[in-house]
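In what follows, a structure is listed as structure tokens, so that the remarks can point back to it.
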Amino acid sequence: MASSGDMLSTAVSGLQAFQRNLVTTGHNISNVNTEGFSRQSVELATRNPIGLGNGFIGTGVNVTSIQRVFDQFINAQVTTRNSTFNQLDTMQQLTSAVDELLADDDAGLNPVLQSFFDAVHGVANNPTSIPARQVLIAEADTLANRFVTMDQRFSDLRASVNDQIATAAEEINGLAQSIAGLNNTIVLETGASGGQPPNDLLDKRDLLVNQLAELVSVSTVTSDNGSLDVFIGNGQTLVLGNTANSISTVRSEFDQSEIEVSFSSSTVNYSISNQISGGKLGGLLEYRDKILDPVQNSMGRIAISLAATVNAQHIQGADINGNAGGLFFNSILTSSPEVFANTGNNPASGTVSVAITDTNAIQASDYQLNYDGANFTVLRLSDNTVVDSGFAVGDLPRTIAADGLSISLAGSVAAGDSFLLRPVRNGATDIKVAITSAAGVAAAATGNSLGDNSNALALAALQINKVMGGSTETYQTAFSKLVATVGVSASQATVNAAAQRTLLNRAIESQQSVSGVNLDEEAANLIKFQQAYQAAAQVISVADDIFQTLLSVTAR
328 MASSGDMLST
338 AVSGLQAFQR
348 NLVTTGHNIS
358 NVNTEGFSRQ
368 SVELATRNPI
378 GLGNGFIGTG
388 VNVTSIQRVF
398 DQFINAQVTT
408 RNSTFNQLDT
418 MQQLTSAVDE
428 LLADDDAGLN
438 PVLQSFFDAV
448 HGVANNPTSI
458 PARQVLIAEA
468 DTLANRFVTM
478 DQRFSDLRAS
488 VNDQIATAAE
498 EINGLAQSIA
508 GLNNTIVLET
518 GASGGQPPND
528 LLDKRDLLVN
538 QLAELVSVST
548 VTSDNGSLDV
558 FIGNGQTLVL
568 GNTANSISTV
578 RSEFDQSEIE
588 VSFSSSTVNY
598 SISNQISGGK
608 LGGLLEYRDK
618 ILDPVQNSMG
628 RIAISLAATV
638 NAQHIQGADI
648 NGNAGGLFFN
658 SILTSSPEVF
668 ANTGNNPASG
678 TVSVAITDTN
688 AIQASDYQLN
698 YDGANFTVLR
708 LSDNTVVDSG
718 FAVGDLPRTI
728 AADGLSISLA
738 GSVAAGDSFL
748 LRPVRNGATD
758 IKVAITSAAG
768 VAAAATGNSL
778 GDNSNALALA
788 ALQINKVMGG
798 STETYQTAFS
808 KLVATVGVSA
818 SQATVNAAAQ
828 RTLLNRAIES
838 QQSVSGVNLD
848 EEAANLIKFQ
858 QAYQAAAQVI
868 SVADDIFQTL
878 LSVTAR
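Mapping to my numbering: the sequence shown position 399 is 726, numbers consecutive.
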């Protein structure tokens, strides 16, 4: 017996301890390729010795616990860097797709813009030529169709982003449910074992958290009972103990064709799109807000400016029959801008409309109009700048000269009403060629004789005239700036994603150096514990021999 310093009991304790070590080592070896597995080690402690008159005698060894070899700090680094990398990687992939589309010589805007103005020069060189005029109309159709085609590509990308956001939300909810279920099991198993950690279950939970971090940035807090609480966004509780909340996709409060991320619990349900960061979901939302929206607005701005300025010049001329020139492109200054009322507005509130008053001043941006019950505020969303404020209902219509816009109201508004203004978003898809007859091309100045090319030359000069961006940009420089901006964003995303991949790999290497299974080390442990087991068994054999000797002596 161990209390009397029994040699047999001491040897048996060692035999049991080394047997546990052998089993644990075998478990480590078996899971060398298991994702998320942390190697385990047996924690040993000496039994309490027995005091004799001339000293203390040992009584063997106890297995106190089987623990994961685990570093919480390194694990948190892996989770954080995994989240950051996936956001940057998503941004890089999606932004590069837009960059390739804009910069493509065959699919981009610059080649067809050049061909259009080449055709204008063709008419100027031979103003009475019907074929030259027909070529101009054909090139104009090609240009308008290119705007429409590119905008459709961007709309397709937007639809794809919406689908991916919805899919990511479903995956997040599934992982949250699994983590909550594991929390429940871990708490029960920990209690049943007297507080010992269920290592394999903890590994599975950590793996789920890491998979969650691939989708969205997370933070965690471990409770005293062993459960793990998980938070996203600005502290929204996704998992609390064995309860999982959820996120969902809802229609935007303004544009019902656009979806937002909503947080849902038993008591609340509200949009958190502007609070989400990290992971694939954060990358999708960032891409939509910082790349896709500005690109579509920029393309719409160029299309509207092109249509308006060409029309303004064309109507100043005369066609081949001496008639005043009509619209070359359709008039989209008033028809293309749109306004969305907030779904939470007072149902009795009136209708707000926006019109473009100066294409030289318009910005590639949406705007938000807010009413506090006394005054309006206009916020430019591209840079979150207040461009007008402090005006009342009686001040409408209101012209915002610096941004080339005019805002009107039909009816009344209530305190808290808000409206989303989109002056240029639809420009690229709305532009069409209005002129249908080659004879209708107004190449001559009004009142001049047949063969005059004055107005054709003025139309051709629009290619190099700085008619956009406050007289700082031509159509082509505006597009080139857009291409350069997206290209820089794509390049930065590529560099940042690569750098974050390196940091993530280093964190994973650090984690594996601590928690990963090293087969050479485990093989050495296997031999060590096998020899120790055999030695303990030999002690038992010796104890048995001694016991048999005592029996034989006492039997005489």
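Here a beta-carbon is modelled for each residue, glycine too, at the ideal position from N, C-alpha and C. Please read these numbers as outputs of a predicted model, since none were measured by experiment.
(request) Could you name the residues of the same chain whose beta carbon sits closer than 6 Å to that of Ile647, not counting the 5 residues immediately before and after it, in chain order? (result) Hits under 6 Å: Ala766.
(message) Give me the residue from Asp398, Leu470, Gln404, Ala403 with the minimum Cα distance to Asp433.
(response) Leu470
(request) Kindly indicate which three-state DSSP category Ser781 falls into: helix, strand or coil? (result) helix
(message) Taking its Cβ as the centre, do 16 or more other Cβ atoms sit within 10 Å of Ile492, making it buried, or is it exposed?
(response) buried
(message) Measuring alpha carbon to alpha carbon, tell me which residue in Thr476, Asn782, Asn753, Val536 is nearest Gln643.
(response) Asn782
(message) For Gln399 and Asn711, I'd like the C-alpha separation in whole angstroms.
(response) 39 Å
(request) Please state if the CB of Ser735 and the CB of Pro724 are separated by a distance shorter than 8 Å. (result) For Pro724 and Ser735, yes; Cβs fall inside 8 Å.
(request) Express the C-alpha separation of Ala862 and Leu335 in angstroms, rounding to a whole number. (result) If I take the Cα positions, the gap works out to 13 Å.
(message) What does the alpha-carbon distance come out to for the pair Met328 and Thr337?
(response) Because Met328 sits at a pLDDT of 40, beneath the cut-off of 50, its placement in the model cannot be relied upon, and the following sentence gives the value as read from the coordinates. Between Met328 and Thr337, the C-alpha separation is close to 8 Å.
(message) I believe Ala503 touches Val566 by the beta-carbon criterion, under 8 Å. Please report the beta-carbon distance rounded to the nearest angstrom.
(response) 5 Å
(message) Out of Gly508, Val369, Ala688, which one is the CA nearest neighbour of Pro750?
(response) Ala688
(message) Just to confirm the assignment: which complete beta strand (DSSP E) runs, minimum length 3, are found wholly within the region 704-748?
(response) Whole beta strand (DSSP E) segments, 3+ residues: 712-718, 725-727, 732-737.
(request) Could you round the C-beta distance between Arg833 and Leu619 to whole angstroms and report it? I think they count as a contact, below 8 Å. (result) Going by Cβ atoms, the distance from Arg833 to Leu619 rounds to 32 Å, so no, they are not a contact pair.
(request) Determine the contact status of Ser589 and Ile599, defining contact as a CB-CB distance below 8 Å. (result) yes
(request) Could you name the residues that DSSP lists as bridge partners for Tyr694? (result) Beta-bridge pairing links Tyr694 to Arg707, Leu748.
(request) Report yes if the C-beta distance between Arg294 and Val488 is below 8 Å; otherwise report no. (result) With the chain covering 328 to 883 only, the question about residue 294 has no answer from this structure.
(message) Rounded to the nearest angstrom, what separates Ser331 and Gly341 at their Cα positions?
(response) Only weak support is given to the placement of Ser331: the predicted model assigns it a pLDDT of 36, under 50, and the value that follows is read from those uncertain coordinates. Cα to Cα, Ser331 sits roughly 17 Å from Gly341.
(request) Measure from the alpha carbon of Asp699 to the alpha carbon of each residue in Val666, Ser733, Gly743, Val844, then state which is nearest. (result) Looking at Val666, Ser733, Gly743, Val844, the one whose alpha-carbon comes closest to that of Asp699 is Gly743.
(message) Pop quiz: Asn409 and Ala540 are said to be a contact at Cβ under 8 Å. What is the actual Cβ separation, rounded to whole angstroms?
(response) That belief holds up - the Cβ atoms of Asn409 and Ala540 are roughly 5 Å apart, short of 8 Å.
(message) With a threshold of 6 Å on Cβ separation, who are the neighbours of Ile602 within its own chain once the five nearest residues in sequence on each side are excluded?
(response) One point to set straight first is that residue 602 is Gln, not Ile, in the sequence displayed. Taken in chain order, the residues that qualify are Gly560, Asn561.
(message) List, from N- to C-terminal side, the beta strand (DSSP E) runs of 3 residues or more that fit wholly inside the region 579-647.
(response) Segments of the beta strand (DSSP E) lying fully in the region 579-647: 586-591, 596-598.
(request) Output the distance between the C-alpha atoms of Arg578 and Ala668, rounded to the nearest integer angstrom. (result) One C-alpha to the other measures close to 13 Å.
(message) Suppose the cutoff is 7 Å on Cβ atoms and the five residues either side in sequence are ignored; what does the same chain contact list for Gly814 look like?
(response) Asp426, Ala430
(message) Quick check on DSSP: helix, strand or coil for Arg366?
(response) Reduced to three states, the DSSP call for Arg366 is coil.
(request) Name the residue from Gly449, Asn672, Gly627, Ser573 whose alpha carbon lies nearest to the alpha carbon of Pro664. (result) Taking only the C-alpha atoms, the option nearest Pro664 is Gly627.
(message) Using a Cβ-Cβ cutoff of less than 8 Å, which residues in the same chain neighbour Val844 once the five nearest sequence positions on both sides are dropped?
(response) Asn355, Ile356, Asn358, Val359, Phe364, Arg366
(message) Measuring straight from C-alpha to C-alpha, what distance separates Gly522 and Asn511?
(response) 14 Å
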